[in-house]
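Just below is one structure, and these are the notes that go with it.
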Amino acid sequence: MLRKLIKHELRATGRMMGPMLLIVLVAAVGGNISTYRLLETSNGVLNTLGIVLLSAFFIAILTSGVMAFALMVERFYKNLLRDEGYLTMTLPVSVHEHIWAKLLTSLIWWIAVLAVAAVSMLILVFSRNMMQEIGDILAQLHIADLNLAQNLPHLVLFCVELALLLAVGGACVCLHFYAALAVGCSFTHHKDALSVAGFFVLPAIWHVIQRVAMFLINLMNLEGVGLWLQGLPQATQTHLTMLGVTVVTAIPAALYYVLTAHFLKNRLNLG
Amino acid sequence: MNVLTCNALSKAYGKTPALSGVSLNVESGHIVGLLGPNGSGKTTLIKLANGLLTPDDGTITVCGMRPGKGSHALVSYLPERAVLPEWMSVTQILDFYADFYADFNRDAAQEMIRHLGIEEKQRIRQMSKGTREKVQLIMVMSRQAKLYLLDEPIGGVDPATRDYILSTIISNYNPEAAVVISTHLIADVEKILDDVIFLNRGCVVLENSVDEIRETRGVSVDALFREVFKC
Numbered sequence: 029m030l031r032k033l034i035k036h037e038l039r040a041t042g043r044m045m046g047p048m049l050l051i052v053l054v055a056a057v058g059g060n061i062s063t064y065r066l067l068e069t070s071n072g073v074l075n076t077l078g079i080v081l082l083s084a085f086f087i088a089i090l091t092s093g094v095m096a097f098a099l100m101v102e103r104f105y106k107n108l109l110r111d112e113g114y115l116t117m118t119l120p121v122s123v124h125e126h127i128w129a130k131l132l133t134s135l136i137w138w139i140a141v142l143a144v145a146a147v148s149m150l151i152l153v154f155s156r157n158m159m160q161e162i163g164d165i166l167a168q169l170h171i172a173d174l175n176l177a178q179n180l181p182h183l184v185l186f187c188v189e190l191a192l193l194l195a196v197g198g199a200c201v202c203l204h205f206y207a208a209l210a211v212g213c214s215f216t217h218h219k220d221a222l223s224v225a226g227f228f229v230l231p232a233i234w235h236v237i238q239r240v241a242m243f244l245i246n247l248m249n250l251e252g253v254g255l256w257l258q259g260l261p262q263a264t265q266t267h268l269t270m271l272g273v274t275v276v277t278a279i280p281a282a283l284y285y286v287l288t289a290h291f292l293k294n295r296l297n298l299g
Numbered sequence: 002m003n004v005l006t007c008n009a010l011s012k013a014y015g016k017t018p019a020l021s022g023v024s025l026n027v028e029s030g031h032i033v034g035l036l037g038p039n040g041s042g043k044t045t046l047i048k049l050a051n052g053l054l055t056p057d058d059g060t061i062t063v064c065g066m067r068p069g070k071g072s073h074a075l076v077s078y079l080p081e082r083a084v085l086p087e088w089m090s091v092t093q094i095l096d097f098y099a100d101f102y103a104d105f106n107r108d109a110a111q112e113m114i115r116h117l118g119i120e121e122k123q124r125i126r127q128m129s130k131g132t133r134e135k136v137q138l139i140m141v142m143s144r145q146a147k148l149y150l151l152d153e154p155i156g157g158v159d160p161a162t163r164d165y166i167l168s169t170i171i172s173n174y175n176p177e178a179a180v181v182i183s184t185h186l187i188a189d190v191e192k193i194l195d196d197v198i199f200l201n202r203g204c205v206v207l208e209n210s211v212d213e214i215r216e217t218r219g220v221s222v223d224a225l226f227r228e229v230f231k232c
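Residue numbers (the working numbering), protein chains in the order written: chain A, 29 to 299; chain Z, 2 to 232.
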């Protein structure tokens, strides 16, 4: 059922995100023409047009990010907690499947936005010289071949860790919104205002929990652990740090998830 | 067999009680009218049966299950408001129902859509209010559910549409299922009801079969309703 939920979620969001990402790519082509043609001439009109096209490109990238973010909130709120919720929340699927479908769809669009932004940047700066420059960079890498080969496993692992951290961080942001909406909309009156309040109160509660946890950790004698960490190779220290940051980011995400699931399952209040 | 069972069910909105200790049973094979004036708790009861609200006290079960994933597969629910996403086309809605409900009869739904002269590529936002309600009803009645919960299916529509809606319900529901129709337009639905439940201010004030009401009291359900809920 999760696969079907994601399919329909992508259909609902794709009708807006699809054209938006296409606009970004088209705007990148316009930006490229501006950079290498229009802004290179001495014609004032063409220069102005170049600036407009270049601005349109950056606005398009920004809008695609904002749209992915707004859709993440809007789909959860409108599709589960407002009128469409009468249809969605009576489907034979579990609350967990609903949350995962929304979460994964949001992450898919964020990844798509990042990928399109990267591709559009390449389109923007693409020129015949660029191929030459890439060739030069590759040649330099070839010189540093030995060093690169030694560090490649660490580099790959670091990239995987960074991707994992970004995914967990993105999920945490989504779940923060979901939890605030699920809690706020469980009340009979002032649902929207209470959702906004929940958005600020929940991280404050998490902050208090963090402080208490840090206080308790400080009470423990962890000097030995610190020394052990310092004795590790630089690369291992980096990997452990990345892992630690990911775990610390995952804890509030897990708490927000539990809260969202609890309120959707036991305190649903569609008015 | 009891399809819907409520036991001392209570629900309040803030300090305002909507249902107070409601106990009732709905058996399979019956069409039941859930009747009462506005604000009597009809919609609240149906929402509780669908798990869209949680009870403050008491229990509600559908085929022995608490409202949730399992019961949703057995209940076909028509809300009192338009809930189909406006951007969807009829084809997309058919896909949606076919994907999630194993008991959805796509052919029957398409036949009814064709009969109404609606194009499958037409989007909900392009339809009139009456047509939207008909499409929503068609989707709900194209399922072979164990329990149909129809909340105000004929409220706010013209008499011709009312007739269409009632005939669609009668000709499409699963005869082994139970149908609960919530309404305050008694005269229109009386002819299709087997049993009635009168709700007033969140309490059950009468639970009886239509035949028995006519035989013992010598009045129609509509006349009895007017007598019971006289202002």
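Glycine included, every Cβ here is placed at the ideal spot set by N, Cα and C. Please read these numbers as outputs of a predicted model, since none were measured by experiment.
{"Item": "Distance, A/Gly212 Cα to A/Ala225 Cα", "Value": "8 Å"}
{"Item": "Coarse secondary structure for A/Phe227, derived from DSSP in three states", "Value": "helix"}
{"Item": "Minimum Cβ-Cβ distance from Z/Asn51 to chain A less than 7 Å", "Value": "yes"}
{"Item": "Residues that A/Leu298 contacts on chain Z, provided the C-beta gap is smaller than 8 Å", "Value": "Lys48, Leu53 and Leu54"}
{"Item": "Buried versus exposed, by CB contacts within 10 Å (16 or more), Z/Trp88", "Value": "exposed"}
{"Item": "Cβ of A/Lys219 within 7 Å of any chain Z Cβ", "Value": "no"}
{"Item": "Against chain Z: residues of the stretch 94-107 of chain A by CB proximity under 7 Å", "Value": "none"}
{"Item": "Integer Cβ distance of Z/Ser1 from Z/Leu200, believed to fall under 8 Å", "Value": "With chain Z covering only 2 through 232, there is no way to say anything about residue 1 of chain Z."}
{"Item": "Residues sharing a beta bridge with Z/Asp58, DSSP", "Value": "Z/Ser11"}
{"Item": "N- and C-terminal bounds of the beta strand (DSSP E) containing Z/Phe199", "Value": "Asp196 to Asn201"}
{"Item": "Interface partners of A/Pro120 on chain Z, CB under 8 Å", "Value": "Lys70, Gly71, His73, Ala74, Phe101 and Tyr102"}
{"Item": "CA nearest to the CA of Z/Leu79, picked from Z/Gln93, Z/Ile182, Z/Gly118 and Z/Phe97", "Value": "Z/Ile182"}
{"Item": "Under 7 Å between C-beta atoms of Z/Glu81 and Z/Thr44", "Value": "yes"}
{"Item": "Z/Ala110 and Z/Ile155 closer than 7 Å at C-beta", "Value": "no"}
{"Item": "7 Å Cβ cutoff, Z/Tyr98 in contact with chain A", "Value": "no"}
{"Item": "Beta-carbon proximity of Z/Leu150 to Z/Val4, cut-off 7 Å", "Value": "no"}
{"Item": "Chain Z residues whose Cβ lies nearer than 9 Å to that of A/Ala117", "Value": "Note on residue identity: the sequence assigns Met, not Ala, to residue 117 of chain A. In chain order: Asn51, Gly52, Leu53 and His73."}
{"Item": "Sheet register partners of Z/Ser90 (DSSP bridge)", "Value": "Z/Arg124"}
{"Item": "Check whether Z/Thr6 and Z/Thr62 have beta carbons under 7 Å apart", "Value": "yes"}
{"Item": "Validate contact between the stretch 161-170 of chain A and the stretch 118-137 of chain A using beta carbons, cut 8 Å, 3 pairs", "Value": "no"}
{"Item": "Which listed residue (Z/Tyr102, Z/Asp152, Z/Ala146 and Z/Asn51) has its alpha carbon closest to that of Z/Ala83", "Value": "Z/Asp152"}
{"Item": "Proximal residues of chain Z, C-beta to C-beta of A/Thr216 below 8 Å", "Value": "Tyr14 and Gly15"}
{"Item": "Member of Z/Phe230, Z/Asn8, Z/Glu134 and Z/Ala179 whose CA lies at the smallest distance from the CA of Z/Val27", "Value": "Z/Ala179"}
{"Item": "A/Val229 versus A/Gly198, A/Gln258, A/Arg103 and A/Tyr284, residue with shortest Cα-Cα distance", "Value": "A/Tyr284"}
{"Item": "Any chain Z beta carbon closer than 7 Å to A/Glu112", "Value": "yes"}
{"Item": "The stretch 113-131 of chain A contacting the stretch 94-107 of chain Z, beta-carbon criterion three pairs below 8 Å", "Value": "yes"}
{"Item": "Z/Ala74 versus A/Leu38: straight-line alpha-carbon distance, rounded", "Value": "23 Å"}
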